[in-house]
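The structure appears below as structure tokens.
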Amino acid sequence: MPPPGVCQSIMNARHKKDGYGTLTNPDRFFQQDYKIMKEYCLIRNLRFVDDMFPPDKKSIGEGILSPTDMAQVQWLRPAEIAPNPSFVLDGISRFDFGQGLVGNCWFLASIGALTFQPNILKQVVPLEQMFDMKYCGLFHFRFWRFGRWVDVIIDDKLPTINGKLIFVRSKDKNEFWPPLLEKAYAKLTTLHPDNIHPAFKSVFFC
Numbered sequence: 001m002p003p004p005g006v007c008q009s010i011m012n013a014r015h016k017k018d019g020y021g022t023l024t025n026p027d028r029f030f031q032q033d034y035k036i037m038k039e040y041c042l043i044r045n046l047r048f049v050d051d052m053f054p055p056d057k058k059s060i061g062e063g064i065l066s067p068t069d070m071a072q073v074q075w076l077r078p079a080e081i082a083p084n085p086s087f088v089l090d091g092i093s094r095f096d097f098g099q100g101l102v103g104n105c106w107f108l109a110s111i112g113a114l115t116f117q118p119n120i121l122k123q124v125v126p127l128e129q130m131f132d133m134k135y136c137g138l139f140h141f142r143f144w145r146f147g148r149w150v151d152v153i154i155d156d157k158l159p160t161i162n163g164k165l166i167f168v169r170s171k172d173k174n175e176f177w178p179p180l181l182e183k184a185y186a187k188l189t190t191l192h193p194d195n196i197h198p199a200f201k202s203v204f205f206c
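Numbering follows the UniProt record's numbering, in which position 3 of the sequence shown is assigned residue number 3; successive positions increment by one, without gaps.
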């Protein structure tokens, strides 16, 4: 149950005073801390699997795929999909991505618009993420939600059929920022469905 109005106002004031919900100190979505969880995985040589948004049919949602297609879904990490996975290849542009097996042109239009706002883009998509020695299957993205920055972490298991991404895919099969961004947005709107769609207006843009 959400806090009463007065309590919520006090909490918001404290958060603002302490810098929570800012770009440098965003709210942690469901208290999942990217740095802490990444360090935990690296120390133990683990590949992260997100229990909050697990790689199963519940995370895809009902009515998206037919029962036949759903039965064929395999959740694969980028290295199982492409020979040389990268987060970003040769910068980011609106020509980087296209539709997968399921049509979601509104999402493509939204992230296409985002590529024309480089200052916002680098806030939403932390570009320092890579498939390097510190890779552990954990990525994060930031969304502007109800006047606050929220940091959303995900694992990089992506839904595929016959080795092909179901949803957004990159034109270069080795580039993975678009499907990972889409997964983070799906997590945000699935676990907090009150801000879904109207093409990202309260999620990406101030």
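All C-beta atoms, glycine included, are put in the ideal place defined by N, C-alpha and C.
Assuming Phe107 is part of the alpha helix (DSSP H), what are its boundary residues? Taken as a continuous stretch (DSSP letters only), the alpha helix (DSSP H) holding Phe107 covers Cys105 to Leu114.
DSSP state of Glu39, grouped into three classes? Here DSSP, grouped into helix, strand and coil, assigns Glu39 to helix.
Find the nearest neighbour of Asp156 within the set Asn25, Gln123, Ala79 and Phe30, judged by alpha-carbon distance. Ala79
Specify the secondary structure class of Lys183 as computed by DSSP and reduced to three states. helix
Would you tell me roughly how many angstroms separate the C-alpha atoms of Ile111 and Asp56, rounded to the nearest one? Answer to the nearest angstrom: the Cα atoms are 25 Å apart.
Please classify Ile196: does DSSP put it in a helix, a strand, or coil? The pLDDT assigned to Ile196 is 46, lower than 50, so where the model puts this residue is not dependable; a value taken from the coordinates is nonetheless given after this. If DSSP states are grouped into helix, strand and coil, Ile196 belongs with coil.
What distance in whole Å lies between the Cβ atoms of Phe48 and Lys187, which are believed to be in contact at a cut-off of 8 Å? Not quite, the Cβ-Cβ distance comes to about 13 Å (not below 8 Å), so this is no contact.
By the DSSP assignment, the alpha helix (DSSP H) with Val152 in it spans what residues? Run containing Val152: none in the alpha helix (DSSP H); it sits in the beta strand (DSSP E), Arg148 to Asp155.
Hey, could you find the ends of the beta strand (DSSP E) Gln74 is sitting in? Gln74 to Leu76
Considering just the uninterrupted stretch of the beta strand (DSSP E) at Leu158, what are its terminal residues? Leu158 to Ile161
Residues bridged to Lys164 (per DSSP): Its beta-bridge partners are Ile161.
Between Pro198 and the rest of its own chain, which residues show a CB-CB distance below 7 Å, the 5 nearest in sequence each way excluded? Its pLDDT being 49, under 50, Pro198 is placed unreliably by the model, and the measurement read from it follows with that caveat. Excluding sequence neighbours, Pro198 sits near nothing in its chain.
I'd like to check one pair, Ile166 with residue 209: are the Cβ atoms closer than 7 Å? Only positions 1 to 206 of the chain appear in this structure, which leaves residue 209 out of reach.
Sheet register partners of Trp177 (DSSP bridge): DSSP output for Trp177 lists no bridge partner at all.
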